[in-house]
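Okay, so here's the structure we're looking at.
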Amino acid sequence: MKVLLIGSGGREHALAWKLAASPMLTKLYAAPGNPGIAKSAELVALDVADHAAVAGFCRDKAIDLVVVGPEGPLVVGLGDDLRAAAIRVFGPSKMAAQLEGSKGFTKDLCARYGIPTAAYGRFGSASEAKAYIRKTGAPIVVKADGLAAGKGVTVALTLDEALEAVDSCFDGAFGGAGAEVVVEEFLTGEEASFFCLCDGATALPFGTAQDHKRVGEGDTGPNTGGMGAYSPAPVMTPELVERTMREIVEPTMRGMAEMGAPFSGVLFVGLMIGADGPKLIEYNVRFGDPECQVLMMRLKDDLLVLLSAAADAQLAHMSVRWRDEAALTVVMAAEGYPGTPQKGSVIRGLERAGEGAEIFHAGTAERDGEIVANGGRVLNVTAMGATVSEAQRKSYAAVDLIDWPEGFCRRDIGFRAVEREGSL
Ligand code: AMP
Ligand code: GLY
Numbered sequence: 001m002k003v004l005l006i007g008s009g010g011r012e013h014a015l016a017w018k019l020a021a022s023p024m025l026t027k028l029y030a031a032p033g034n035p036g037i038a039k040s041a042e043l044v045a046l047d048v049a050d051h052a053a054v055a056g057f058c059r060d061k062a063i064d065l066v067v068v069g070p071e072g073p074l075v076v077g078l079g080d081d082l083r084a085a086a087i088r089v090f091g092p093s094k095m096a097a098q099l100e101g102s103k104g105f106t107k108d109l110c111a112r113y114g115i116p117t118a119a120y121g122r123f124g125s126a127s128e129a130k131a132y133i134r135k136t137g138a139p140i141v142v143k144a145d146g147l148a149a150g151k152g153v154t155v156a157l158t159l160d161e162a163l164e165a166v167d168s169c170f171d172g173a174f175g176g177a178g179a180e181v182v183v184e185e186f187l188t189g190e191e192a193s194f195f196c197l198c199d200g201a202t203a204l205p206f207g208t209a210q211d212h213k214r215v216g217e218g219d220t221g222p223n224t225g226g227m228g229a230y231s232p233a234p235v236m237t238p239e240l241v242e243r244t245m246r247e248i249v250e251p252t253m254r255g256m257a258e259m260g261a262p263f264s265g266v267l268f269v270g271l272m273i274g275a276d277g278p279k280l281i282e283y284n285v286r287f288g289d290p291e292c293q294v295l296m297m298r299l300k301d302d303l304l305v306l307l308s309a310a311a312d313a314q315l316a317h318m319s320v321r322w323r324d325e326a327a328l329t330v331v332m333a334a335e336g337y338p339g340t341p342q343k344g345s346v347i348r349g350l351e352r353a354g355e356g357a358e359i360f361h362a363g364t365a366e367r368d369g370e371i372v373a374n375g376g377r378v379l380n381v382t383a384m385g386a387t388v389s390e391a392q393r394k395s396y397a398a399v400d401l402i403d404w405p406e407g408f409c410r411r412d413i414g415f416r417a418v419e420r421e422g423s424l
């Protein structure tokens, strides 16, 4: 099978690494890819926004499956345009991608199907949103409706913060994404990420993970795309997985099919586990980054077989097997992240560090035969262990072999699971 993988981050490196292990794979292309992905794929300089060009490439190279990593291309309908050209795609249609592309859309779906989630209001003007906030009080959460590169959410502890967040949305801080806001109840509990492979009708549980979104140790400081993750998420017991499927994922699949937008691809279910069970925080219509990296380490089965089955609506008879070990990934970021990261600093020692861990490239470039930083999140240092503590030790041992003075990482990835293991 010839596969084209779209994307250039650590998530896509992990997907490329796992796809390359498939005996079914005959050729892997990646657009645009990165120097890590280049070890498993031929990089192609395609303009992913030019859907006709992507379809043309697929026809020329007789691509059997396109795997779309990030949400951006899905939300603007790359999947639809490729399917219209009779090209198989792993990833949802534009309509189904609204589960991530519009928070209001997802909240309305939850309301219609009785899916547990935070109470909310949708507002097209600042004055209405503010009136709702004044009536409800803080803490409260303000979200730009559309895609805002992970920056559109304000968890406001005070009324003033919430009102300011409303102004910044309507003042255009997130462009078109902030033309509407969702204001919602502040949920408490433990967060977990849960994944399902979906084929329009069937949703197959596809692992659990927890990530660390804040840049600072102890989960403090500004939000990021994720500074590290581990899998499985201890909080997601088999009972909670079953409840999440029944109360959240299955009604979503049914609702999407009923409105003529069956969901296929990977559904990333962001959950808050509180005293009264799981509640949906948000959906994403792609793998988490860096959650994907730890899932791929633990997946025993052939990823290409599973993604093809999802694209062909054949998941009903599939199962998924995982390694018993835990996996943990530490994100190494360039100084300045999550603000403006410094680019171009040289990274050395990757080969030696790679002997004890998988090092996925997230934001690197090659310059004169050397690897340099080329983004905010730059490397994902990933290891397996019998416990999260052991995976953590191995990941940091590899981090310590990387010679990159301009990079930094959190030293406490996995701390909740490690504490839990310590108290067993
Ligand atoms: P998101 O960008 O939607 O992933 O949200 C970023 C983070 O904000 C989530 O991971 C949660 O930690 C937090 N968050 C979002 N919605 C809520 C909520 N309703 N209650 C509490 N925290 C929330
Ligand atoms: N790590 C969170 C995300 O991919 O959205």
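Residue numbers are given in UniProt numbering: position 345 of the sequence shown equals residue 345, and the series is strictly consecutive. The C-beta atom is built at its ideal place from N, Cα and C for all residues, glycine as well.
Gly265 places its beta carbon less than 8 Å from that of Val285. When distances are taken from the beta-carbon of Asn374 to the heavy atoms of the ligand GLY, even the shortest one reaches 7 Å or more. Short note on Glu239: C-beta not closer than 7 Å to any heavy atom of the ligand AMP. Sorting Val68, Leu267, Glu100 by C-alpha distance to the C-alpha of Thr208 places Leu267 at the top. Out of Gln342, Ala201, Glu282, the CA that lies nearest to the CA of Val182 is found in Glu282. Nearest C-alpha to Thr188 among Gly200, Thr106, Ala275, Glu250: Ala275. Straight-line spacing of the CA atoms in Val418 and Ala85 works out to 49 Å. 8 Å or more divides the Cβ of Val67 from the Cβ of Leu109. Secondary structure in the UniProt region "Disordered" (212-233): the beta strand (DSSP E) runs of 3 residues or longer, each lying completely within the stretch, are 214-216, 220-223, 228-231 in chain order. Between the segment 301-317 and the segment 197-205, the count of C-beta pairs closer than 8 Å reaches three or more; the two stretches touch. For Ser193, the secondary structure class from DSSP, reduced to helix, strand or coil, is strand. Around the ligand GLY, the residues whose beta-carbon falls short of 5 Å from at least one of its heavy atoms are Asp211, Gly226, Gly288, Asp289, given in chain order. According to the DSSP assignment, Thr252 belongs to the alpha helix (DSSP H) that extends over 250-258. Here Gly172 is not near Ser102, since their CB atoms are 8 Å or more apart.
Listed in chain order, the non-local C-beta contacts of Gly77 below 6 Å within the same chain comprise Lys94, local neighbours out to five positions each way being set aside. C-alpha of Val3 to C-alpha of Ser127: approximately 49 Å in a straight line. Residue state for Cys409 is assigned as coil, using DSSP reduced to three classes. The three-state reading of DSSP puts Met95 in coil, since its state is none of H, G, I, E or B. Proximity of the beta carbon of Val76 to the ligand AMP is not indicated: no heavy atom of the ligand is located closer than 7 Å. Leu15 and Met296 do touch by the CB rule: their CB atoms are close to 7 Å apart, below 8 Å. For Ala162, the CB stays at least 7 Å from every heavy atom of the ligand AMP. As computed with DSSP, Gln210 is found in a beta bridge with Tyr230. Judged by beta-carbon spacing, Gly121 lies beyond the 8 Å limit of Tyr113, meaning their Cβ atoms are not closer than that value.
At a Cβ-Cβ threshold of 8 Å, Leu328 and Ala383 count as neighbours. Between the ligand AMP and Gly354, a heavy atom-to-CB distance of less than 7 Å is absent.
With a threshold of 16 other beta carbon atoms within 10 Å, Glu71 meets it and is buried. Each of Leu307, Asp324, Trp322, Arg323 was checked against the Cα of Ala316, and the nearest Cα belongs to Leu307.
CA-to-CA, the gap between Gly36 and Thr26 works out to about 19 Å.
Distances taken from the Cβ of Ile281 to the heavy atoms of the ligand AMP include one shorter than 7 Å. Checking the 7 Å criterion, the Cβ of Lys107 is out of range of every heavy atom belonging to the ligand AMP.
Classified as buried, Ser8 has 16 or more neighbouring CB atoms from the shown chains inside 10 Å of its CB. Relative to the ligand AMP, the nearest heavy atom lies less than 7 Å away from the CB of Gly270. In the structure shown, the three-state DSSP call for Trp17 is helix. Leaving aside the five residues that flank Ile273 on each side, the residues in its chain whose CB is nearer than 7 Å to its CB run, in chain order, Gly189, Glu190, Ala192, Val235, Leu240. Going by DSSP, Lys130 is part of the alpha helix (DSSP H) stretching over 126-136. Judged by beta-carbon spacing, Pro338 lies beyond the 8 Å limit of Thr220, meaning their Cβ atoms are not closer than that value.
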